[in-house]
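Worksheet for the structure shown next.
Numbering (this note's numbering), first residue to last: 889 to 1782.
Given below as structure tokens:
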């Protein structure tokens, strides 16, 4: 052993030497030596940040421990392997480890996962599953079955196939190790199985080889019952899996329990159509914010009279634009209304169908995720399942179950056995194990039962479950979603996206809680993953689910990532589109880095362009900073999603009049998604401190009356969103109307309006196609040029001389800059990283063509009128300015 340790110390890949030595020691029966060498190999692999290899070594140790009968160590290392990595090497070795340990369900699940990660060629189809079954038979002391299973493997699969890509050494040894175990115990040798890494159309090849729709259906034959079933009900995300359930499932598996996730979201969308589903989920703002989805499923839980539905449609849905804010959304049309009535009529039969599916699986624990419009659907299904299969222990978690909402759910609905308030990752393993074993679950953090309520009372609360070190969380396992999506009728029409989280909580909220924000509930404390872990996880998702956009669900981007994770992503070039939420006070090089790292969409928290309103929100930024970010986002091709919020108590109408005037100068920048009145969200300062902040008569939004046939006090505890009045009356609709009209115009013009500049021959040319442009072409030279370029970032003029301030003010008057007190900001977007294209490029060319006969600020244009309608991108190379200030705009780039 000392010789191997010395050899490994002199090499960067010393863990490979240690691994081979550990395998040799294990084969020779030198158990302690093997454990020491494996331990050293794992340490070095971890230091090298090769997490998939590290996980596979832990699983190898579990195999060895299982073969010598040390079940406790095998289980511990098996669990550590799955926490360490979900890569292809770990999955393969863990599947073997589970089989050797006799953990049939885990072997089946991991084999299915492996077949998704690798191409399921004929040798894998015909070799892996019989081999794993044979290993299970060995572990169960059933040599006859092992030999029979071995005999079923076709002759052509008794040796590895050759491939252009040789599998890594440790993959070959994994097959040899399992074959040797069979040979030593029963005298007949099981076949090796070739590791094929290429992932080209795996589902299509699997169907061609086996005649089955997916790999998992074959493995499902190994087990008919599931210890745990998690459910995502409508109206959860349709074309994305549940991140929460996909994080919990691996932790249940690590306890040796069979677990699957059912996505009844897909089944329901097939029934009602994805168009209606998507409108209810988010696309039709009035429908989404009236909780139409909850109203539909309330009919499967409560017996409503006919007048109830007529009142909901009349008092809530048709009046939605007036009581939800000013967002230019109309009530649903006649076609949608008819579809909603049909959905109500058929909802009970759908829930019955779902219940039949669950009862067939006979779960000991049935868990629901409940966020936004999923609560009543989850309750309706829980009630049906409990009636038909009383042995199922029903648990609900998610944002709708935090604090008082979860406690009221347990109190009002006797078919719910428990809720989890907070982050269930910390408790789900213990919770599932206790339920399956029949042990009590009281005392687990965040878990609320009727016994908890009896002991503490509704108002006393329960400790919220929180995970402090999120690096220890497993990778999300989206296998079940993609298997079910592949069997849906959407598979050839839509490309799903996947979720990932790199942090939890909000570092800004810890310092200064935005007054309107109810996110994070009682888990505001900010925690982020290490850059190495986050990079590994993003790489895993990008390679496991190629072609899928990756949406980062963090409430806010960790500023440390600008020094760590984002440069690593930019270097790795994963070729994925990422979404992140950020602060809006980003610097220009940070926006550029976001683009380079593959972040194509951000939600930067731009909620207003008024300093006064932003102060009232406690956003910690200025309106000019928000505009600066919009400009840089356009320059670097990062799409910002933002809204204008209004309706804060005591706000000044003048602030909204100024914003309305400002929009004319900003119509070349990315427009807001909507203008809307604030809503009081539970956990927000506006809700918690409503009296102090100027609100009055705070009560649940009107739709809750039509969702829960319960007393008003219960509805208040179940509600997340609240209506309000003002202590001092203010006519928000009146003073917001001009801004709403201007934003509507902004939405119609921003894609073809341009204010761009090109710096050429020490002169700055500015081209303006905005509707209110003062001049289509401006030339800035000398000090004017220098000042304009210096104000690309917001600049304070307090130290500038009077002459320069006069020049700055002249450019403000021409509509080329903005002034806010002593601060100035240039508005033109430089052509370079940004290239006008499409209709915007055509409008610029048309402007050039119509300007060839006139002098513009000392510049004459030379451009062929025949190119006036060309929509191809305009780059810096299209322009040339000579000493006589004649600007040549070429049709093509030389």
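Backbone N, C-alpha and C define an ideal beta-carbon position, used for all residues, glycine too.
Can you give the Cα-Cα distance for residue i and residue j, rounded to whole angstroms?
i	j	result
residue 1253	residue 997	18 angstroms
residue 1705	residue 1618	33 angstroms
residue 948	residue 1188	50 angstroms
residue 1530	residue 1514	10 angstroms
residue 1027	residue 925	Bear in mind that a pLDDT of 46 at residue 1027, under 50, signals an unreliable position, so the number given afterwards is only what the model happens to contain. Approximately 25 angstroms between the Cα atoms of the pair.
residue 1077	residue 1148	Annotation note: pLDDT 27 at residue 1077 (below 50); position unreliable, no value reported.
residue 1413	residue 1407	12 angstroms
residue 1319	residue 1327	9 angstroms
residue 1775	residue 1664	14 angstroms
residue 1332	residue 1309	11 angstroms
residue 1783	residue 1653	This structure gives no information on residue 1783, because the portion of the chain shown stretches from 889 to 1782.
residue 1249	residue 1370	19 angstroms
residue 1390	residue 1417	5 angstroms
residue 1649	residue 1769	7 angstroms
residue 1637	residue 1772	35 angstroms
residue 1242	residue 1645	59 angstroms
residue 1455	residue 1485	7 angstroms
residue 903	residue 1461	27 angstroms
residue 1533	residue 1563	6 angstroms
residue 1730	residue 1550	26 angstroms
First and last residue of the alpha helix (DSSP H) that includes residue i?
i	result
residue 943	939 to 955
residue 966	959 to 972
residue 1284	Careful: residue 1284 lies outside any alpha helix (DSSP H), inside the beta strand (DSSP E) at 1281 to 1285.
residue 926	919 to 935
residue 1148	First-last for residue 1148: 1147 to 1151, but that is the beta strand (DSSP E), not the alpha helix (DSSP H).
residue 1308	Taken as a continuous stretch (DSSP letters only), residue 1308 belongs to no alpha helix (DSSP H), being part of the beta strand (DSSP E) at 1306 to 1308.
residue 1476	1476 to 1484
residue 1360	Segment: none, residue 1360 is in no alpha helix (DSSP H) and carries neither H nor E.
I need the boundaries of the beta strand (DSSP E) containing residue i, first residue and last residue.
i	result
residue 1488	1487 to 1491
residue 1238	No beta strand (DSSP E) contains residue 1238, which is instead part of the alpha helix (DSSP H) from 1222 to 1249.
residue 1438	1438 to 1440
residue 1712	1711 to 1714
residue 1777	1774 to 1777
residue 1253	1253 to 1257
Per DSSP, what kind of secondary structure is residue i in: helix, strand or coil?
i	result
residue 1635	helix
residue 1764	helix
residue 1665	strand
residue 1507	coil
residue 849	No statement about residue 849 is possible, as the shown extent of the chain runs from 889 to 1782 and does not include it.
residue 1336	strand
residue 1719	strand
residue 1353	strand
residue 1295	helix
residue 1086	For residue 1086, the predicted structure reports a pLDDT of 30, less than 50, and the residue's modelled location is therefore unreliable. A value from the coordinates is still provided. Residue 1086: coil per DSSP, three-state reduction.
residue 1749	strand
residue 1118	strand
residue 1705	strand
residue 1416	strand
residue 1563	strand
residue 1674	helix
residue 1684	strand
residue 1368	helix
residue 1269	helix
Quick one: measure Cβ to Cβ for residue i and residue j, integer angstroms, because I've assumed they're closer than 8 angstroms.
i	j	result
residue 906	residue 935	Between residue 935 and residue 906 the Cβ distance is about 12 angstroms, and since that is not below 8 angstroms, they are no contact.
residue 1372	residue 1435	Residue 1372 to residue 1435, Cβ: 18 angstroms. No contact.
residue 1606	residue 1293	6 angstroms
residue 1152	residue 1120	7 angstroms
residue 1516	residue 1713	6 angstroms
residue 1123	residue 1168	6 angstroms
residue 1683	residue 1574	Contact doesn't hold; Cβ gap of about 35 angstroms is too wide.
residue 863	residue 1609	Since the first residue of the chain shown is 889 and the last is 1782, residue 863 is not available in this structure.
residue 1271	residue 1303	5 angstroms
Would you list, in sequence order, the uninterrupted alpha helix (DSSP H) runs of no fewer than 4 residues that lie entirely inside the stretch 1583 to 1654?
-> 1600 to 1606 and 1620 to 1637
Ordered list of alpha helix (DSSP H) runs contained in the stretch 1159 to 1193, each at least 4 residues = 1162 to 1166, 1173 to 1177 and 1180 to 1186
Alpha helix (DSSP H) runs contained entirely in the stretch 1372 to 1408, provided each spans 4 or more residues | 1395 to 1399
What beta strand (DSSP E) runs, 3 residues minimum, are completely inside the stretch 1437 to 1471?
-> For the stretch 1437 to 1471, the continuous beta strand (DSSP E) assignments of 3+ residues that do not extend past its boundaries occur at 1438 to 1440 and 1466 to 1469, in sequence order.
In chain order, each alpha helix (DSSP H) run of at least 4 residues that lies wholly inside the stretch 1510 to 1554 | With a minimum length of 4 residues, the continuous alpha helix (DSSP H) runs that stay inside the stretch 1510 to 1554 are 1511 to 1524 and 1541 to 1554.
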